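In the working numbering, the protein residues as written are 1317 to 1599.
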């Protein structure tokens, strides 16, 4: 029977789903699979932080499932009420139902089904000076999600996933991004499209390499920049590297071979922001 939930605004009645075999749950659980997400153009958003971030960013939510215990959390009623006023179905679910929709060992009691929206290069509204991050075959979900987090923190114009990257809607990417995927346009494009876009908008095509490039502390990063980041093991593919007009390197006084791609990206991105801030203060 529906449970009456009182939000800060008004009481509401939520239908309850008890079985993981419910057809709605069976359909939603398929979204744990990448191919199913691609076909449906939907994905799962799990956990309070991510669901809240998705709502605050205006991500389209198709439906939401939440346990009775989770409904008692501060703000839960307001969140559910907001969705209901938009005619988005909200269901009270059992722990078993939430577990069926989760890929974690300790689900937080809330899962939303979100509409996937991929940005396109030609639709981007570039800031001045522009800053794009492009990931080449970054296949580790934790690394890719962290790149999205960096892009969101830096207000980058986009995070472009080139062939070989993991799916940005995977649960592991979403968690690693800490909501960054909702803050930055996520673009999937082939290398030739990225290169053509960068040339058309006069963006420097800068490959970040472990050795042999210009020091990021000597390089001018104040102009439009498309920063290309390579695969964790193989780096940037040679045919893409040929079309880059700059190679950047982070000086490392220690004997380490290289930095993790996300650590390296953060260093370069925030060095670029530092330079741009300093340049804007010059008379």
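Beta carbons are placed, not taken as given, at the ideal position from N, Cα and C, and that holds for glycine.
This one's a predicted model, so the numbers in the text were calculated from it and none came from an experiment.
query, result
"Residue from 1588, 1595 and 1548 whose Cα sits closest to the Cα of residue 1451", "1548"
"Collapsed DSSP secondary structure at residue 1380 in the structure displayed", "strand"
"Three-state secondary structure assigned by DSSP to residue 1565", "strand"
"Close beta carbons around residue 1405, own chain, < 7 Å, minus the five adjacent residues each side", "1379"
"Cβ pair count under 8 Å reaching 3, the segment 1344-1354 against the segment 1414-1430", "yes"
"4-residue-minimum alpha helix (DSSP H) runs that sit fully inside the segment 1406-1460, ordered along the chain", "1411-1417"
"Residue 1524 CB to nearest heavy atom of the ligand PLP below 8 Å", "By its list of ligands, the structure shown contains no ligand whatsoever, and the ligand PLP lies outside what it can speak to."
"Cβ-Cβ distance between residue 1376 and residue 1426 below 9 Å", "no"
"Reference residue 1431; option with closest CA among 1355, 1576, 1585 and 1543", "1355"
"Close-in-space but distant-in-sequence residues of the same chain around residue 1344 (CB under 8 Å, 5 per side omitted)", "1360, 1379, 1381, 1417, 1427 and 1429"
"Cβ-Cβ distance between residue 1561 and residue 1521 below 9 Å", "yes"
"Beta-carbon contacts of residue 1498 that lie in its chain and below 6 Å, excluding the five residues immediately before and after", "1369, 1370, 1373 and 1375"
"Residue 1385, buried or exposed, once every other Cβ within 10 Å from all chains shown has been counted against 16", "exposed"
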